[in-house]
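Chemist: I'd like to ask you about the structure that follows.
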Amino acid sequence: MANLILIQALAELAYSIALADGELQQDEKEAFYKIIDEQLQEDAWSAKNRFKLLEERVAPNVEQTYRFAMFAIKTNRRDFDGNLKAKFLNVIEGVANSVDGLREQERRLIDKFKQEVKNA
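Numbering-wise, our numbering comes out as the position in the sequence shown, counting from 1, plus 25.
Here's what the structure looks like:
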């Protein structure tokens, strides 16, 4: 994986997608850990640590975590290639679909992400 900041951004993005419907559910958390292992392999530890840190925040904020992720992607856009973009989408869509399918709030955030990375 090219960049530790981008790995942390992926965790932030997945966390904000999981929280988009109002709460982080256990199935979403488990899906994140499973999918991140599949997608990042030896680099998954950093994303897992970031996700855990976000989970332990007193007052998580969807918009704030999303904005951090997008800032990191835009700042490191040279390292954010097509392969990495596909991994980001696999992770966030997998987390979003892990509980009762894709909810409207999650779909809106994923669509927003797709639009922003297209223009990044």
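Glycine included, C-beta positions come from ideal geometry on N, C-alpha and C.
Is DSSP giving N108 helix, strand or coil here?
Modeler: helix
Chemist: According to DSSP, simplified to helix, strand and coil, what is L127?
Modeler: coil
Chemist: In whole angstroms, what is the alpha-carbon distance linking S71 and K77?
Modeler: The straight-line gap from Cα to Cα measures roughly 10 Å.
Chemist: Enumerate in chain order the residues of its own chain whose CB-to-CB distance from M26 is below 7 Å, with the five nearest sequence positions on each side excluded.
Modeler: Since pLDDT at M26 reaches only 44, below the 50 mark, its modelled position is unreliable, and the value read off the structure follows with that caveat. Taken in chain order, the residues that qualify are I32, L65 and D68.
Chemist: Taking all protein chains shown into account, do 16 or more other C-beta atoms lie within 10 angstroms of the C-beta of M107, making it buried, or fewer, making it exposed?
Modeler: Sequence inspection shows Gly at residue 107; the Met mentioned does not correspond to that position. Answer is exposed; the Cβ neighbour count stays below 16.
Chemist: Between K59, V120 and M95, which has its C-alpha nearest K137's C-alpha?
Modeler: Here the closest residue by C-alpha is M95.
Chemist: Starting from L29 and walking both ways along the alpha helix (DSSP H), at which residues does that stretch end?
Modeler: L29 to L44
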